[in-house]
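Peer 1:
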Amino acid sequence: MPRRSLKPDRGPAPRPEPKVRSGRPGAIMIFIIVAILIVASLGAAVATLFNTSSDSQARPNKVRRAYYLAESGLRYAFSEVRHGTSQETVVSTLNQYTTTLDSGRESFSLALRPYWFKITGTSATAGAGSTSITASVPASGLPDDFALASGTRLLAPFNDPITISSLTVTSPNSVTFQLASPCVIQNGVQVDGLLVLPTDTSQTVGNGTGSLRLSLSSLTGLPARNGQFNYQGAEYTYRSASLDATPKVVLDKVSWEGGSSMTFPSGADLVLRKNALVESTGAFTTNGQQTTVTRSDNVGLYGSDVVEDLPPSNYKVLETGFTGNDLSSLDLSQSGNIVRIGSYIATGGTHLYWASFTKLGDSSHRVHDPEEPSRYIGYHVTPLASETRDALYSIWQMYRQVNYDIQVKMGWYKDMQQAGSGISFRWHESPASPGLYQGYGISFIRYCSSCNDYIPNSIKPSGQAGQLMLLLWEQKVVSGVETKRWLAYALLGDPTNRWAARDPKVVGNQDSVDGYLNDDASILVRVGDKFASNGQRINTIRIYYSDASPYYPGRTYDGIATNINRRRYSPEWVDASLFPKWASNATDPLSTGDPAATYWDGQSNAYDYFTLLSPTPKLAASPVVLVKNPAATDVILQSDQATLTTQDFTLSSFPSSRPELGLHAMGNLNDSDRVVAFDDMSIQVIGESE
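According to my numbering, the residues represented by the sequence shown are 703 to 1392, in order.
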């Protein structure tokens, strides 16, 4: 196999003509002669155009039949790709696909040649990374004339685009990149590699009519027609690619949904989407003689907004136990002295490294509730560090969406009777009110109705004072005011009467040092970035929780996701082998025709460290029930009885100022005996497989 490397820029390739092969010598001459006869004797030509039984059939008719078959193959391939739910699966299925018609005389066969790569991390790419990356090419390999133009870069998850020094094709389905800087990929994890095309100068382009000039001088590294690219989370297509007189690549008739024009700055990163060159070969056989015609065109894998595109597998973004006073995973720029490392007695002994939140109730940190100005609240959100945001952004940039899990363990100081602590997600600054923030929160919370607990009243479900609960709430900036409301909750029990609790394993006050939330109870929230059937971008939310209680040694656990039978999920400093555990990517219904989430994937109890909240938990002995706020009509419970969907704060854009995730605390906290703390925080991106 000849080796191909990064080639010098070159001029436009001639438009490919259909490839014609015939089993009979002199086919081209016969074609010309019969073409003349057709012009001279149109009636006779029409009479024989579709005659498949005559030995003396005119050669042009055979070519035309083969041409139509090749065209049919293209149309079939385009339809399958654009209507499939998993485009890469469809690409794999269509590659080398052949169908035969008319008792074997007519057929078309397909070959698909992608413009993207699969990279599997090795020990060399882990850690500091490597500048030499071996990648595979799916299906039938790269297009025959593929060669990268100088200036093209490689985008892999959790890396900035990296300049490609050279590309060597070692076999039809294998290439080696030499990169200008190291690329980091976790050992054993497969990721996609996409090409990044830079724009030339700042340009304003009309929708459907304008052209976009790139800082590239060769056409051989991108689709010649009907290509797709992504810029800042939006999808774009172009009709054709050509070279101007400079020469520079020009993308003609760039189109997108919404807006009459778009300005692309100089050096903008256009992420070439998963495009594939489809080669369809039509074959017509008569009297043992076969005529073939090959037609080709590009197809993008994103013909509809409802298509979901995921990384090949789940990918770890963050794991931290805050060990060694390490708070680098948090952005403390606005936290002052609220967040610090503290050591507290907890499950399994004294743990040295908790990320503790305190001081919120003292006179220098408490604030007037913007919804009730006469009332104080203690409330603070600490965003995660920009490295985590950047990792999620890189996935969003590649796939136009990012789905993730975030989990964290928590503990409350033993004298904290009322408090709230948990995870903030979809967290971002209000575009209309700089300095004010909005998003969602999921919290362990216990409040009182008559005391000044410094917890915002607007997130308290009525009539549940004294109960430990899991609470989903929203903060939205309305007319310049940060307003809150509760969206859903699940009661866990009263810590003062633990044995009567709905879930006694997670309710606190289990011994003399345990707070009203059991030490190292966990929240895991799965946040989906999806498209509804009408193309509307939505959030999907699933809420899980777990416990580390040592007082229930005889654990009953099973493959059921929504009941309270589960394994003990001890913290990393007690059992390092457990950090982290995750819920399965999918859940199974109870029976055929029942969409409700019931079992972990494959009914495996290996996942059963968590309880998935649902308004209809399976088994009558499952008393923890998700209750949705009836006034929150914009929050929709899906048919699986476990997934909530919302339309606010979606990832239609992902600016660098958007933190997306954070940890929060609420209550009358101070230095001495009122502290909430976090441990064992981890994040993963959800992919096609685990």
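Just so it is clear, CB atoms sit at the ideal spot from N, CA and C, and this is done for glycine as well.
According to the Cβ coordinates, are Asn-1307 and Asp-1260 closer than 8 Å?
Peer 2: In the sequence shown, the residue the question calls residue 1307 occupies position 605. In the sequence shown, the residue the question calls residue 1260 occupies position 558. In this structure, Asn-1307 lies near Asp-1260, with their beta-carbon atoms less than 8 Å apart.
Peer 1: Enumerate in chain order the residues of its own chain whose CB-to-CB distance from Ala-1202 is below 8 Å, with the five nearest sequence positions on each side excluded.
Peer 2: Here residue 1202 corresponds to residue number 500 of the sequence shown, with the count starting at 1. Once the five neighbours on either side are set aside, the close Cβ partners of Ala-1202 are Gly-1195, Asp-1196.
Peer 1: According to DSSP, is Arg-777 helix, strand or coil?
Peer 2: Stepping through the sequence shown from its first residue, residue 777 is reached at position 75. Looking at Arg-777 - three-state DSSP - the assignment turns out to be helix.
Peer 1: Is it the case that the Cβ atoms of Val-1387 and Tyr-1046 are separated by a distance below 8 Å?
Peer 2: Within the sequence shown, the letter at position 685 stands for residue 1387. Within the sequence shown, the letter at position 344 stands for residue 1046. No, Cβ-Cβ distance for Val-1387 and Tyr-1046 is not below 8 Å.
Peer 1: Of the residues Tyr-1247, Asp-1342, Asn-1331, which one's Cα is nearest the Cα of Ser-1293?
Peer 2: Here residue 1293 refers to the residue found at position 591 of the sequence shown. Closest by alpha carbon: Asp-1342.
Peer 1: Could you name the residues of the same chain whose beta carbon sits closer than 6 Å to that of Glu-1274, not counting the 5 residues immediately before and after it, in chain order?
Peer 2: For this step, residue 1274 is matched to residue 572 along the sequence shown. Only Gly-1023, Phe-1281, Asp-1382 meet the Cβ criterion.
Peer 1: Which residues in the same chain have their Cβ closer than 7 Å to the Cβ of Ser-1006, if we skip the five residues on either side of it in sequence?
Peer 2: The residue you call residue 1006 lines up with position 304 of the sequence shown. Because Ser-1006 carries a pLDDT of 48, less than 50, the predicted location of this residue cannot be relied on, and the following value inherits that uncertainty. Only Arg-784 meet the Cβ criterion.
Peer 1: Return the bridge partner residues of Glu-1184 from the DSSP annotation.
Peer 2: Reading the sequence shown from its first residue, position 482 is the one you call residue 1184. Bridge partners of Glu-1184: Val-1179.
Peer 1: Going by the DSSP bridge assignment, what does Gln-892 pair with across the sheet?
Peer 2: What you label residue 892 is simply residue 190 of the sequence shown in a count that begins at 1. Note: Gln-892 sits in a beta bridge opposite Thr-822.
Peer 1: Are Ala-772 and Thr-983 touching if we call contact CB-CB under 8 Å?
Peer 2: What you label residue 772 is simply residue 70 of the sequence shown in a count that begins at 1. What you label residue 983 is simply residue 281 of the sequence shown in a count that begins at 1. Between Ala-772 and Thr-983, the C-beta gap is smaller than 8 Å, which places the two residues in contact.
Peer 1: Going by DSSP in three states, Ile-864 sits in which element: helix, strand or coil?
Peer 2: What you label residue 864 is simply residue 162 of the sequence shown in a count that begins at 1. Note: Ile-864 maps to strand in three-state DSSP.
Peer 1: Relative to the C-alpha of Ala-1167, which candidate in Thr-1198, Trp-1175, Val-792 has its C-alpha closest?
Peer 2: Position 465 of the sequence shown holds residue 1167. Looking at the Cα atoms, Thr-1198 is the closest of the given residues.
Peer 1: Can you give the Cα-Cα distance for Val-907 and Lys-955, rounded to whole angstroms?
Peer 2: As a working note, residue 907 is residue 205 in the sequence shown. As a working note, residue 955 is residue 253 in the sequence shown. Going by the C-alpha atoms only, they are around 9 Å apart.
Peer 1: When DSSP labels each residue in this structure, what does Gly-725 get in the three-state scheme?
Peer 2: On the sequence shown, position 23 is the one that residue 725 refers to. With a pLDDT of 42 at Gly-725, under the threshold of 50, the predicted position of this residue should be treated as unreliable, though the coordinate-derived value follows. Gly-725: coil per DSSP, three-state reduction.
Peer 1: Using 10 angstroms around the beta-carbon of Trp-902, count the other beta-carbons present and answer buried if the total reaches 16, otherwise exposed.
Peer 2: Indexing the sequence shown from 1 puts residue 902 at position 200. Correcting the residue identity first, residue 902 is Asp in this sequence and not Trp. When all chains shown are included, Asp-902 counts as buried.
Peer 1: Determine the direct distance from the alpha carbon of Gln-991 to that of Ser-1096, and round the result to whole angstroms.
Peer 2: Position 394 of the sequence shown, counted from the first residue, corresponds to residue 1096. Position 289 of the sequence shown, counted from the first residue, corresponds to residue 991. Ser-1096 and Gln-991: Cα-Cα distance of roughly 53 Å.
Peer 1: In angstroms, rounded to a whole number, what distance separates the CA positions of Asp-894 and Ser-1391?
Peer 2: As a position in the sequence shown, residue 894 is number 192, starting the count at 1. As a position in the sequence shown, residue 1391 is number 689, starting the count at 1. Approximately 13 Å, taken between the alpha carbons.
Peer 1: Following the continuous alpha helix (DSSP H) through Met-1100, name the residue where it begins and the one where it ends.
Peer 2: As a working note, residue 1100 is residue 398 in the sequence shown. Note, Met-1100: alpha helix (DSSP H), 1088 to 1101.
Peer 1: Using the Cα positions of Leu-1172 and Gln-1120, report the straight-line distance between them to the nearest angstrom.
Peer 2: Working through the sequence shown from its first residue, we reach residue 1172 at position 470. Working through the sequence shown from its first residue, we reach residue 1120 at position 418. Cα to Cα, the separation comes out at about 13 Å.
Peer 1: Decide yes or no for the touch test of the region 1362 to 1381 against the region 1119 to 1136: beta carbon pairs closer than 8 Å, at least 3 of them.
Peer 2: yes
Peer 1: Relative to the alpha-carbon of Leu-814, which residue among Asp-846, Arg-1376, Ser-1035 has its alpha-carbon at the smallest distance?
Peer 2: The count along the sequence shown starts at 1 and reaches residue 814 at position 112. Nearest C-alpha to Leu-814: Asp-846.
Peer 1: Which residue marks the beginning of the beta strand (DSSP E) containing Val-973, and which one marks its end?
Peer 2: Within the sequence shown, the letter at position 271 stands for residue 973. 971 to 974 is the extent of the beta strand (DSSP E) around Val-973.
Peer 1: Suppose the cutoff is 8 Å on Cβ atoms and the five residues either side in sequence are ignored; what does the same chain contact list for Ala-1288 look like?
Peer 2: For the purposes of this step, residue 1288 is taken as residue 586 along the sequence shown, with counting starting at 1. Within its own chain, the residues whose Cβ lies closer than 8 Å to the Cβ of Ala-1288, once the five positions on either side in sequence are excluded, are Asp-1303, listed in chain order.
Peer 1: Return the chain-ordered list of same chain residues with a C-beta closer than 6 Å to the C-beta of Tyr-1101, the five sequence neighbours on each side being excluded.
Peer 2: Along the sequence shown, one-based indexing puts residue 1101 at 399. Correct list, in chain order: Asp-1011.
Peer 1: In the structure shown, what three-state DSSP assignment does Glu-959 receive?
Peer 2: What you label residue 959 is simply residue 257 of the sequence shown in a count that begins at 1. Glu-959: coil per DSSP, three-state reduction.
Peer 1: Select from Lys-1111, Pro-1013, Trp-1188 the residue whose C-alpha is nearest the C-alpha of Tyr-1055.
Peer 2: Numbered from its first residue, the sequence shown carries residue 1055 at position 353. The candidate whose alpha carbon is nearest that of Tyr-1055 is Lys-1111.
Peer 1: DSSP on Lys-1283, reduced to helix/strand/coil?
Peer 2: To locate residue 1283, count along the sequence shown from 1; it is residue 581. In the three-state scheme derived from DSSP, where H, G and I count as helix and E and B as strand, Lys-1283 is classed as coil.
Peer 1: Which residue from Phe-1059, Lys-1207, Thr-824 puts its Cα closest to that of Pro-1255?
Peer 2: Your numbering for residue 1255 matches position 553 in the sequence shown. Of the listed residues, the one whose Cα sits closest to Pro-1255 is Lys-1207.
Peer 1: Can you tell me whether Val-886 is helix, strand or coil according to DSSP?
Peer 2: Position 184 of the sequence shown, counting from 1, holds the residue named residue 886. Here Val-886 carries a coil assignment [DSSP, helix/strand/coil].
Peer 1: Would you be able to state if there are at least three C-beta pairs under 8 Å between the region 1025 to 1044 and the region 1072 to 1080?
Peer 2: no
Peer 1: What is the rounded straight-line gap between the Cα of Ala-1333 and the Cα of Thr-1348?
Peer 2: Position 631 of the sequence shown, counting from 1, holds the residue named residue 1333. Position 646 of the sequence shown, counting from 1, holds the residue named residue 1348. The straight-line gap from Cα to Cα measures roughly 14 Å.
Peer 1: With DSSP as the reference, label Gln-759 as helix, strand or coil.
Peer 2: Locating residue 759 in the sequence shown gives position 57, where the first residue counts as 1. Unreliable positioning characterises Gln-759 in this predicted model, as indicated by a pLDDT of 42, which lies under 50. A coordinate reading is not provided.
Peer 1: Just the C-alpha distance for Ser-1316 and Asp-1310, rounded to the nearest angstrom, thanks.
Peer 2: One-based indexing of the sequence shown puts residue 1316 at position 614. One-based indexing of the sequence shown puts residue 1310 at position 608. Taking the straight line from one Cα to the other gives about 15 Å.
Peer 1: Under the assumption that Asp-1350 contacts Lys-1178 (Cβ atoms under 8 Å), give the Cβ distance between them as a whole number of angstroms.
Peer 2: Counting from one through the sequence shown, the residue named residue 1350 turns up at place 648. Counting from one through the sequence shown, the residue named residue 1178 turns up at place 476. Right, the Cβ-Cβ distance comes to about 7 Å (below 8 Å), so this counts as a contact.
Peer 1: Which residue wins for smallest C-alpha separation from Ile-675, given the options Asp-1033, Leu-1062, Ser-1030, Leu-1020?
Peer 2: As displayed, the chain neither begins before 703 nor continues past 1392, which places residue 675 out of reach and without an answer.
Peer 1: What does a CB cutoff of less than 7 Å around Leu-1086 pick up in its chain, not counting 5 residues either side in sequence?
Peer 2: Against the sequence shown, residue 1086 aligns to sequence position 384. Ser-1031, Leu-1032, Asp-1033, Pro-1361, Leu-1363, Gly-1364, listed in sequence order.
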